[in-house]
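Okay, structure first, notes after.
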Amino acid sequence: MFNICPVRQTLRQHKDRIFHCSKFPSANILVLKKQKRSGFKVLAVSVVENFGRLRLSNVDRSPRGIGPGKVQGNSSHSFEEFESNNYLRRLVRNGELEEGFKHLENMVYHGDIPDIIPCTSLIRGFCRIGKTKKATRVMEILEESGAVPDVITYNVLISGYCKSGEIHNALKVLDRMSVAPDVVTYNTILRTLCDSGKLKQAMEVLDQQLQKECYPDVITYTILIEATCKESGVAQAMKLLDEMRTKGCKPDVVTYNVLINGICKEGDWMRQSRTVGRAIDILEKMPKHGCTPNSLSYNPLLHGFCKEKKMDRAIEYLEIMVDIAVEILNQLSSKWCSPVLITYNTVIDGLSKMGKTERAMQLLYEMRERGLKPDIITYSSLVGGLSREGKVEEAIKFFKDLEGSGIRPNAITYNSIMLGLCKARQTDRAIDFLVYMVSKGCKPTESTYTILIEGLAYEGFT
DNA sequence: ATGGCTACGG
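Mapping to full-length UniProt numbering: the first sequence position 413 is 413, numbers consecutive.
Structure representation (structure tokens):
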């Protein structure tokens, strides 16, 4: 009756029909066929324990486990409900949020219990497009249906409110949720409070968290350390670092990166080379604490060197970095932008600001040779450099080449050209450029107008 | 494909 399912892919194909059974905790049970009265016939069992990121739905937590060939705990639900949930999953996966919502309402109306996982995706989907109210409605329907939303479902809604700036509503959900919040819940809220400069309120939430015996983890401390760096300085943040260590929470590479960044951005550090020393110090001590620096560890330093106009040192670090960065490139490849690209951007921008656009151009060619694709930030820095140097015609030529090779300039790119034209007392051409920018569907920004107004004033047309 | 933390350009 139980066949071993040999291929992981087979499971993936049928992931909507995989169940878990408490009697065989390490087994995934693949159900393929409906059986008349008692639920579903078990066709295959796999012993794949860590099935990627897939979490099994319809988890059977009953201690009795399953009978031969049947999955209990699901047998009480109808096949219609099972299929209805499959349909909901499909809609949500295809991004058909409104259809999914209607279907959810409909299935609840028929007394079917919706699966919380597609509902969680639905909530996330509505939050993403700014429809937090609709997301809340999904949660209400879910709560009324007899399904039990888990902490993740609540976290998704809270995160949605946080991202749309509705901290008040996020806190309301926290207050009213029917399951205990976990450390992720608190981290989401703490992050948002810290970002909006409400460190004090964040500390109050932290107190509340501790009272509920939900303990901060490395991410909690990292969030607080970053905020403390900005609000009260690195020295204060270091105390938090000590505190987390004494509480047995080990700082990780992100924690150190946040501190390095804090030191590099600390006020007036440019005139106190000692502080740069402190940043390098942390960087060098990371391996002793069991952390390998990654390219994000170096970027703030590079940025610092670029601002300080110590380009030799910046380039020296760039070279150290490339090895490290390439190594972790795979690890981060899921992100839209590689760390090495940002590294080059930082240095190219630094050189451009010093008037060393030729050296910056060299780096552009170098990065291309290494198989890196420069992005709009790379090009904007170069356009800005040429404009500032007074080489507007060269900047415009470079700009035209970009357009020709299919790169779509953004407002910052256009602004750089206009700034160059205004500095060259050619505000009329800059205004023509504004017209061109708009005709290309690029919306001007506040800076656009500031640049043009200053240009006009500079030429005496106050 | 149910969740939380760091870096670049006007």
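Just so you know, even glycine gets a beta-carbon here, dropped at the ideal spot from N, CA and C.
Predicted model only: the values in this text are computed from it and were never measured.
- Within the same chain, and ignoring the five residues on either side of S145 in sequence, the residues whose Cβ sits closer than 7 Å to its Cβ are V108, I113, P114.
- Taking 8 Å as the cut-off, the Cβ atoms of T413 and Y379 count as close.
- Counting only residues of its own chain and dropping the five nearest sequence neighbours on each side, T357 has a CB closer than 8 Å to the CB of L351, L382, G385, L386, E389, K391.
- Remark: C-beta atoms of I158 and T185 approach each other more closely than 8 Å.
- Rounded to the nearest angstrom, the gap between the Cα atoms of T192 and S78 is 42 Å.
- The Cβ atoms of L240 and I225 sit closer than 8 Å to each other.
- Boundaries of the alpha helix (DSSP H) around Q209: 199-211.
- DSSP places G304 in the helix class (H, G or I) of the three-state scheme.
- Selection N261, T222, K230, E231 evaluated against D242 yields T222 as nearest (Cα-Cα).
- The three-state secondary structure of C194, taken from DSSP, is helix.
- Of N415, S447, H303, the smallest CA-CA separation from Y436 is found for N415.
- For the 8 Å CB-CB criterion, V151 and L122 do not form a contact.
- The residue among I431, P149, H289 with its C-alpha nearest the C-alpha of L456 is I431.
- By the criterion of a C-beta distance shorter than 8 Å, E143 is surrounded in its chain by P149, S178, once the five residues flanking it on both sides are discounted.
- Counting only residues of its own chain and dropping the five nearest sequence neighbours on each side, R124 has a CB closer than 6 Å to the CB of V156.
- In chain order, I263 place their CB closer than 7 Å to the CB of R278, counting only its own chain and leaving out the 5 sequence neighbours on each side.
- E166 carries a coil assignment under DSSP once its states are collapsed to helix, strand and coil.
- With contacts defined as CB atoms closer than 8 Å, C214 and V183 qualify as a contacting pair.
- Secondary structure at L402: helix, using DSSP grouped into helix, strand and coil.
- Closest by C-alpha distance to Y256, out of P118, C194, L363, K285, is K285.
- Annotated three-state conformation of R370 is coil, per DSSP.
- In the assembly as shown, G95 is an exposed residue. Its beta-carbon has fewer than 16 other beta-carbons within 10 Å.
- Separation of the CB atoms of H303 and P251 is rounded to 22 Å, and the pair is thereby denied contact status at 8 Å.
- In the DSSP assignment, I431 falls within the unbroken alpha helix (DSSP H) covering 427-439.
- In the three-state reduction of the DSSP assignment, M107 falls in the helix class, which pools H, G and I.
- The residue from K131, V138, D428, C194 with its alpha-carbon nearest to that of S164 is K131.
- Straight across, the Cα-Cα distance linking A135 with T153 is about 11 Å.
- Distance between E166 and C127, taken at the CA atoms: about 11 Å.
- When C-alpha distances from L402 are compared across L421, I377, A424, K423, the shortest belongs to I377.
- DSSP places I129 in the coil class of the three-state scheme, outside both helix and strand.
- Around the beta carbon of N299, 16 or more other beta carbons lie within 10 angstroms, which makes this residue buried.
- Each residue's CA atom was taken as its position, placing K133 and K172 some 13 Å apart.
- Contact between L104 and I141 holds, with the beta-carbon distance rounding to 6 Å and staying under 8 Å.
- D349 and M311 have their alpha carbons spaced roughly 11 Å apart.
- When the beta-carbon positions are compared, Y344 and L301 stay at least 8 Å from each other.
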